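Report on the structure given below.
In the numbering used here, the protein residues as written are 334 to 573.
As structure tokens, then:
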């Protein structure tokens, strides 16, 4: 009888030991998993081009060995001097406060390819929508400009996004007779990456009603500098 009890107790001891071992291994695995570094996924998959070479956006300047002016991923699709947002509000008709936001729509291109289009849309549907230029992985942002030309209505703008080249077009819109149009059309609104990193706004008030100031970058083989020019607003219709 005594021998039988010893066997039972022995089985219980071995079973308990096995359970403790399993729990210990499980605890060790949890600690090991907890110590694993987390991988931060990039926000989008744009590829930036530098002198003809493709450079993944997640590579650091230290890895590339490039200077700040050689590689400015933060300014490839952004203007450092702008407050860029998905949603803005203002008195775009000169009277009532309204809201504009970015709306992304999936569209079908061809038989199998799907892509996206971006629009600036009035939240209350009181103003027409505007189609914006962007890439499938990089939506443009809206910039509230205020009343740039002094006519009583607020303007807004956006920088078209892209995946190659350093040049990006900045557009400013104003409402005229219930329709959006370009406040001004000028090749000075074609911006380069080093200018966008300068902290300067692209368009400012011109100091006189009906005029605006455009800041732009001018570069030669020897140096580069920021200039500005005062231009008269044109209220140019939007053409597709």
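Where is the CB? At the ideal position from N, CA and C, for every residue including glycine.
All values reported here derive from a predicted model rather than from experimental measurement.
Around the C-beta of residue 528, 16 or more other C-beta atoms lie within 10 Å, and the residue is accordingly described as buried. Secondary structure of residue 530 (DSSP, three-state): coil. For residue 461, the CB contacts under 7 angstroms within the same chain, skipping 5 residues up- and downstream, are 512, 513 in chain order. For residue 425, there is no enclosing beta strand (DSSP E), as DSSP marks it with neither H nor E. The beta carbon of residue 516 sits closer than 6 angstroms to the beta carbons of 488, 505, 507, 566 from its chain, once the five residues preceding and following it are set aside; these are given in chain order. Residue pairing by DSSP places residue 485 in no beta bridge whatsoever. The beta carbon of residue 543 sits closer than 8 angstroms to those of 482, 483, 484, 565, 566, all from its chain and outside the five residues before and after it, given in chain order.
As far as DSSP is concerned, residue 571 takes part in no beta bridge. At the C-beta level, residue 491 and residue 465 come within 8 angstroms of one another.
Pairing residue 446 with residue 440, the inter-Cα distance amounts to about 9 angstroms. Of the candidates 569, 522, 540, 572, the residue whose Cα lies closest to the Cα of residue 559 is 522.
A distance of 8 angstroms or more separates the beta carbons of residue 557 and residue 413. Collapsing the DSSP output to three states places residue 560 in a strand.
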